[in-house]
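Contents: one structure, followed by commentary.
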Amino acid sequence: MGKVLVIGCGGVAGVAIQKCAQNDSVFTEICIASRTVSKCDALKAKLEGKTKAVITTAKVNADSVDELVALINEVKPDIVLNLALPYQDLTIMDACLATGVDYVDSANYEPEDTENPVWRAIYEKRCKEKGFTAYFDYSWQWAYQDRFKEAGITALLGTGFDPGVTSVFSAYALKHYFDEIHTIDILDCNGGDHGYPFATNFNPEINLREVSANGSYWENGHWVETKPMEIKREYVFEQVGQKDMYLLHHEEIESLAKNIPGVKRIRFFMTFGQSYLTHMKCLENVGMLRTDPVMFNGQEIVPIQFLRTLLPDPASLGPRTVGKTNIGCIFTGIKDGKERSIKIYNVCDHQECYKEVESQAISYTTGVPAMIGTMMVLKGLWKKPGVFNVEDFDPDPYMEALNRWGLPWVVDENPVLID
Ligand SMILES: NC(=O)c1ccc[n+]([C@@H]2O[C@H](COP(=O)([O-])OP(=O)(O)OC[C@H]3O[C@@H](n4cnc5c(N)ncnc54)[C@H](OP(=O)(O)O)[C@@H]3O)[C@@H](O)[C@H]2O)c1
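To convert, note that position 290 of the sequence shown is 1090 in my numbering; the numbers rise steadily by one, no gaps.
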């Protein structure tokens, strides 16, 4: 059916590419392009003989629009799947605009250098106007709406698990279970154990930035900001057990607040163990989470990037991680004049993921929806000119695809609610 150009070849891309290769009647050609081409070549070699898809590789620096445009013109893909880092979202969108190719990603834009004065001025204005201080927000990518529309191409933003599947769960709940949704609590539980004292289960820089930032939630039309980890709850997760979870700011709150009409409150909670939190606080206190350059032995280094070189590569956690993830959403609202609450969730087993694609469940639960979102656009099911979040489209074909491609979901019509 079509040719996909995947940019990035890390933990998430590794899974998405293997799922595209399994789905070779849709993805007939796959070009894997990244900064370190040896990783792309290794994945290509691993897939040899296991798929009918034709696989090629290329080297690209996705910070350069010119390099990306040259690559897209050479490869001529039907669609670009961006699984590099959020830092590259805008350059890749620019390249898609210049070449007239559809764009898909799994995380919204965040600048690499948060001390850049031009970005900082816009950021500080946004903090004041909107009331949340996260470094990432959708304004940068939503600003491409008119240009994508005029170019007649689609940008599908945020097709991972959260954002992604959680947002599709929201659209599905609204379509089939509610006349009005009043509250959404997104619960992200990783009950996995990798045996290290400290490691992050996806890109450490992105993960630690997210977790050490202020929390926030949406209530009655505005943002309420909290100190990092200020709001804690306990919850018993199906197939995992009881865990502590903490309220974080998360990107899908912003798009769901815009796209779910009448929603009164949206919160996001993630589970963390005490050891993870103690390590993180210590790293933060000594300055290791800083994102600005500091001088070391006559050379500039960015502490959080240096830290990344010390921590286990998330891609290496697969063989050692046991246990399950349980990620989903609790919805409350009204159906046929009566109050109702449901929970939609998926449980994913780290070791089962490893058996299938040699990856832990965090990359798996992101990589599978990245493939599915790309398939939705490629098949024309979710294709219209402009920039869209996943909840803008009909959730049904995506929900079906989750069941088929390894992330089956459950609807609990009598869930325990969170105060
Ligand atoms: N929505 C969700 O549920 C969810 C969950 C987890 C992650 N994510 C997102 O998924 C994306 C990938 O995460 P990950 O854990 O797979 O990260 P990762 O393992 O660090 O992989 C990132 C990949 O991007 C490549 N890359 C980085 N900068 C590049 C550049 N300038 N040009 C070309 N390639 C570049 C890296 O190449 P090198 O090997 O050369 O460094 C690497 O292959 C991130 O945007 C992350 O935020 C989304």
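Cβ coordinates follow ideal geometry from the N, Cα and C atoms, glycine included.
On a predicted model such as this, the values are computed, not experimentally measured, just so you know.
Exclusion of the five residues before and after Leu1008 leaves Thr1000, Met1080, Leu1089, Ile1104 as the residues of its chain whose Cβ lies within less than 7 Å of its Cβ. Rounded to whole angstroms, Ala862 and Tyr938 show a C-alpha spacing of 20 Å. Counting other Cβ atoms within 10 Å of its Cβ, Leu1047 reaches 16 or more and is therefore classed as buried. In this structure His976 is exposed. Its beta-carbon is surrounded by fewer than 16 other beta-carbon atoms within 10 angstroms.
Below 8 Å, too few C-beta pairs join the stretch 1165 to 1174 and the stretch 1113 to 1124 to call them touching: fewer than three. Counting only residues of its own chain and dropping the five nearest sequence neighbours on each side, Val860 has a CB closer than 8 Å to the CB of Ile807, Ala833, Ser834, Arg835, Glu867, Leu868, Leu871. Cα atoms of Cys989 and Gly1128: separation of roughly 9 Å, rounded to the nearest angstrom. Asp913 has its Cβ no nearer than 7 Å to any heavy atom of ligand 1.
Close CB contacts of Thr891 within its chain, under the 8 Å cut and outside five residues either way in sequence, are with Ala862, Asp863, Ser864, Val865, Leu868 (chain order).
Cα atoms of Ser906 and Glu1139: separation of roughly 33 Å, rounded to the nearest angstrom.
If you draw a straight line from the Cα of Leu1111 to the Cα of Arg926, it is about 33 Å long.
Relative to the non-hydrogen atoms of ligand 1, the Cβ of Gly1073 never comes closer than 7 Å to any of them. Residue state for Met1175 is assigned as helix, using DSSP reduced to three classes.
Comparing alpha-carbon positions, the option among Phe1037, Tyr1035, Ser1016 lying closest to Lys1027 turns out to be Ser1016. In the DSSP assignment, Trp1018 falls within the beta strand (DSSP E) that extends over 1015 to 1019.
Between Asp1092 and Thr1071, the beta carbon gap of about 30 Å keeps them out of contact (Cβ cut-off 8 Å).
Val1063 is positioned such that its CB atom lies closer than 8 Å to that of Ile984. Spatial neighbours of Lys1184 in its own chain (CB-CB distance under 7 Å, excluding positions within 5 residues in sequence) are listed in chain order as Thr954. Between the alpha carbons of Lys852 and Val1024 lies a distance of about 50 Å. Only buried fits Gly960, as 16 or more other CB atoms lie within 10 angstroms of its CB. Separation of Gly1123 and Leu1181 (C-alpha to C-alpha, rounded to the nearest whole angstrom) is 35 Å. Shown here, Leu956 sits in a strand according to DSSP, grouped into three states. In this model, Thr966 and Ala1057 are separated by some 13 Å (Cα to Cα). Positions of the beta strand (DSSP E) runs, each at least 3 residues long and wholly inside the stretch 964 to 1034, are given as 980 to 990, 1015 to 1019, 1022 to 1026 in order along the chain. Counting along the chain, no alpha helix (DSSP H) covers Ile1060, and no H or E run does either. The Cβ atoms of Thr857 and Lys844 lie closer than 8 Å to each other.
With contacts defined by Cβ atoms closer than 8 Å, Ile986 and His1050 form a contacting pair.
Excluding residues up to 5 positions away in sequence, Lys1143 lie with their Cβ nearer than 6 Å to the Cβ of Asp1212 in the same chain.
Counting every other CB atom within 10 Å of its CB across the protein chains shown gives Glu874 a total below 16, marking it as exposed.
For the pair of segments examined, the stretch 811 to 818 was found to touch the stretch 877 to 889: the number of CB pairs separated by less than 8 Å reaches three. When the beta-carbon positions are compared, Ile1162 and Ile1218 stay at least 8 Å from each other. Here the distance from the Cβ of Lys1155 to the nearest heavy atom of ligand 1 is not below 7 Å. Burial check for Pro917: the Cβ neighbour count within 10 Å stays below 16, so the residue is exposed. The stretch 1095 to 1122 is shown to contain whole beta strand (DSSP E) runs of 3 or more residues at 1099 to 1101, in chain order.
Residue burial is scored here from C-beta neighbours: His1022 has fewer than 16 other C-beta atoms within 10 angstroms and is therefore classed as exposed.
Beta-bridge analysis with DSSP links Tyr903 to Val880, Ala955.
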